[in-house]
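Chain order of the listed sequences is S and L.
Residue numbers for the first sequence follow the working numbering, beginning at 1 and rising by one.
Residue numbers for the second sequence follow the working numbering, beginning at 160 and rising by one.
We treat Cβ as the ideally placed atom computed from N, Cα and C, and that holds for glycine.
Protein chains: 2
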Amino acid sequence: MGRPREFDLDEALDRALDVFWRHGYEGATIPHLTKAMGINRPSLYAAFGSKEQLFRNVIHRYRAGPVAYAAEALKEPTARAVTERLFAGFMCGLTNRKNPRGCLLVHGALASGDESASIRQELAAIREELVNAIRDRFKQAVKDGDLPTGTDYAALARY
Amino acid sequence: MGRPREFDLDEALDRALDVFWRHGYEGATIPHLTKAMGINRPSLYAAFGSKEQLFRNVIHRYRAGPVAYAAEALKEPTARAVTERLFAGFMCGLTNRKNPRGCLLVHGALASGDESASIRQELAAIREELVNAIRDRFKQAVKDGDLPTGTDYAALARY
DNA sequence: AAAGTTGTGTACTGAAGAGTACAATACTCG
DNA sequence: CGAGTATTGTACTCTTCAGTACACAACTTT
């Protein structure tokens, strides 16, 4: 009940994603975001709480959308297929002209002020999490005999 | 004549370099810089003009200092020696614990707001310039018979 | 030693940032 | 159809940013 929201949450998130992706966390200002999202400032705060929480929502949508291939790739049956699919995903995503350049998780808060310290840590944790997922997948591949015994799966994953 | 400056310009630039390297152009605030440089705000402006000009000075010092190996490497007699020295320089610089992480020229203004648009372009130009220098060196190597005829020196340099 | 010149420190300015108060509005449920 | 609730738009607040005015201090030259 109450007055219905006049914009679509997911669509607004997509617009916000584009802005954050292009300018990073600190580089994206609230006026910039509201303009791209087509809403007013209080609507943004009512719907998402804060710039930081909006960014977390955007990250979630980013992982479920543009980089969803990463989670999918890990389900491939062989280490080679996993790697091939990851690389193909990287290449398609990074060279697609429709996307802003680079990876939001990498340069979203790479070199910035104290304001985004917690965001920076969170992004680093997500990246670490991905490396760990690949590592575990490669570890399993060694156990399966898919990769040679003695393979340094941790180093391979990080590479 | 006049009152002598109470701080050393080069030392102050080194301190500023550290701050910019760590936080990027926008992430480094004037209070942050003045504190690290051990000077007051008007001294900074009297000596360097503006944050942007200070950053340009810092870039100059960066290229003459931490990444001076890049220009040196190009003087090596063979393409292989050039490449080896470049790689050795990258590795030493990027893994040295005394340095902030990454390369100032790369993430100094990677994802940021409109404020640093001109800085971003300038850094991109510097990076392009370096690639072109390597390309020209490789082109010369092909002419010398040091690299095989038909080598795509431009692609090799960018890689 | 006095005049001239340049650096220093305190305290300001105007702009832009994130976040919010409040009245008006538009919907649902009883 | 009226009461209650959630969203919207305008207009604010507080903080921090880059840059500066101005009086004072320290040095050189005449």
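Backbone CA spacing between residue i and residue j [nearest angstrom]
i	j	result
Ala270 (chain L)	Met160 (chain L)	44 Å
Leu123 (chain S)	Thr78 (chain S)	28 Å
Arg215 (chain L)	Lys75 (chain S)	48 Å
Ala171 (chain L)	Ser43 (chain S)	46 Å
Glu115 (chain S)	Ser50 (chain S)	13 Å
Lys139 (chain S)	Gly145 (chain S)	10 Å
Thr254 (chain L)	Ala223 (chain L)	19 Å
Glu165 (chain L)	Ala157 (chain S)	52 Å
Val67 (chain S)	Asn258 (chain L)	32 Å
Ala154 (chain S)	Leu105 (chain S)	21 Å
Gly252 (chain L)	Arg162 (chain L)	39 Å
Arg239 (chain L)	Met250 (chain L)	16 Å
Tyr159 (chain S)	Val131 (chain S)	9 Å
Phe229 (chain L)	Arg294 (chain L)	Correcting the residue type first, residue 229 (chain L) is Ala in the shown sequence and not Phe. Answer to the nearest angstrom: the Cα atoms are 13 Å apart.
Phe48 (chain S)	Gly150 (chain S)	48 Å
Pro31 (chain S)	Ala46 (chain S)	15 Å
Lys143 (chain S)	Asp152 (chain S)	12 Å
Gly102 (chain S)	Arg256 (chain L)	26 Å
Glu128 (chain S)	Arg181 (chain L)	20 Å
Leu213 (chain L)	Glu243 (chain L)	33 Å
Own chain residues within Cβ distance below 7 Å of residue i, not counting five before or after
i	result
His266 (chain L)	Gly183
Val241 (chain L)	Ala232, Leu233, Glu235 and Arg296
Ala292 (chain L)	Leu233
Leu176 (chain L)	Val217, Arg220 and Tyr221
Ala28 (chain S)	Val19 and Phe20
Glu105 (chain L)	For chain L, the structure presents residues 160 to 318; residue 105 (chain L) sits outside this window and is missing.
Thr34 (chain S)	Asn40, Arg41 and Leu44
Gly272 (chain L)	Glu185
Cβ shell of residue i (< 6 Å), same chain only, five flanking positions each side left out
i	result
Leu86 (chain S)	Ala73
Ala36 (chain S)	Arg15 and Val19
Ala268 (chain L)	Tyr184, Ser275, Ile278, Arg279 and Leu282
Leu306 (chain L)	Ala238 and Ala300
Ala247 (chain L)	none
Ile126 (chain S)	Leu105
Residue i: CB within 8 Å of a non-hydrogen atom of the ligand NAP
i	result
Ser271 (chain L)	Looking for the ligand NAP in the displayed structure turns up nothing, as the structure carries no ligands at all.
Beta-carbon proximity list for residue i, same chain, < 8 Å, skipping 5 on both sides
i	result
Arg169 (chain L)	Looking at the sequence provided, one finds Asp at residue 169 (chain L) rather than Arg. Here the set comprises Arg220.
Gly38 (chain S)	Phe7, Ala12 and Arg15
- Query: Going along the segment 9-32 of chain S in order, which residues come within less than 9 Å of chain L, judged by CB to CB distance?
  - Reply: Phe20, Trp21, Arg22, His23, Gly24, Tyr25, Glu26, Gly27, Ala28, Thr29 and His32
- Message: Which runs of the beta strand (DSSP E) at least 3 residues long sit entirely within the segment 18-65 of chain S? Give them in chain order.
- Response: Contiguous beta strand (DSSP E) elements confined to the segment 18-65 of chain S do not occur, taking only those with 3 or more residues.
- Query: Given a limit of 8 Å on CB to CB distance, which residues of the segment 83-108 of chain S reach chain L?
  - Reply: Gly102, His107 and Gly108
- Report the residue ranges of all alpha helix (DSSP H) runs contained in full by the segment 87-143 of chain S; include only those spanning at least 4 residues, in chain order. Qualifying alpha helix (DSSP H) stretches, in chain order: 104-107.
- Given a limit of 7 Å on CB to CB distance, which residues of the segment 268-298 of chain L reach chain S? Leu269, Ala270, Ser271 and Gly272
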